[in-house]
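The sequence shown: position 168 = 159 (the working numbering), numbered continuously.
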Amino acid sequence: MSTPHFPPPGPLRCVLDTDTFNEVDDQFALAWMLRRPDRFDVAAVTAAPFLNEKVATAAEGMRLSLEEAERVLELCGREDVEVVPGSESFCRRSGEPVQSPAAHRILDASAAHGPDHPLHVVGIAALTNVASALWIDPTLKERVVLHWLGGHRPPLGVESEFNFGQDVAAGRAAFGGVPLVWHPCRGVASHLLTTVPELERDLEPRGPLAAFLTGRFRDHVAAPGSDTSGPATAKEIWDVAPVAWLLGGEDLVLTGEEPNPYTAGDDGPGTPAGPETIRSALLPHRNPIFRRLFDDLAG
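Put into structure tokens, the structure is as follows:
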């Protein structure tokens, strides 16, 4: 199955894989998808592990992400959407899945899909759950398109980004032949910057969900050690990039065919030999993305 050059029309059956409590951008991406049921038929939200200064273990990161996703669903009035616990640890090596309800939910959601009508898996976290599903059943790649926000474009250090670096074996699996629309971070999704004053002016007054998201953002940038507080600073809302492309295609995110950084299969133990090229985001159009995001989050 080939990767689509442009998002197909009509409602898209999706699974969102998210480390919702890690930072502040996942909440925006999840809420945006939930607020557009005309476009996104969300089969499930799967909670991904993460490990940073907020948590003691990856398992705690996953559990807090599950709880945060449930908060966003409630604010969106979308408790009908299933939130599924994911892996409590990262993959140890390529080809060895971490069993979890999330990995099996991805497989279950894909069962009714195929090359002409794929399930869209939107990954905005370490790919532990998604890679595990691919390793449990390698035929999954015939039924899904993966949209992943993770890694940096070469030569900026593909694996040095947070989502990729948390689970390198899982991240490499994205480049091994599953149809992929890749959204690199540094130099691409990093264009999606906003500030507390902008959110307080243009988003916060527009309803309870908007106020919640603004509050989360404000708390994040004000946290001790943050490098995104004070004058002349802004913060990325990285994770809205794949949602924007699925909503607006090339009008919102310019993409192109790029060399696959793992095509030779010799970039480390267990690295898959993938296709010669992949579809990669090149430039998100920041202002129209944020205008549409704010409008859809209102109410």
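Note that the Cβ used here is the ideal one computed from N, Cα and C, for glycine as well.
What separation, rounded to the nearest whole angstrom, lies between the Cα atoms of residue 272 and residue 183?
13 Å
Among 52, 92 and 111, which residue has its Cα nearest to the Cα of residue 32?
For the residues 52, 92 and 111, the minimum Cα distance to residue 32 belongs to 111.
Who are the Cβ neighbours of residue 145 in its own chain at under 6 Å, not counting the five residues just before and after it?
252
Cβ contact check for the stretch 36 to 43 and the stretch 52 to 67: 3 or more pairs under 8 Å:
yes
Please report the straight-line C-alpha distance between residue 265 and residue 166, rounded to a whole angstrom.
Their backbone Cα atoms lie some 6 Å apart in a straight line.
Residues bridged to residue 334 [DSSP beta-bridge criterion]
Beyond the ends of the chain as shown, which are -8 and 290, falls residue 334; an answer cannot be given.
For residue 151 and residue 231, what's the separation of their Cα atoms in angstroms?
20 Å
Taking the alpha-carbon positions, what's the residue 1 to residue 30 distance?
6 Å
CA-to-CA distance, residue 98 to residue 135, given in whole angstroms
10 Å
Can you check whether the CB of residue 234 is closer than 8 Å to the CB of residue 75?
no
For residue 236, which beta-bridge partners are listed by DSSP?
Residue 236 pairs with nothing; no bridge assigned.
Distance between residue 171 and residue 149 (C-alpha atoms, nearest Å)
16 Å
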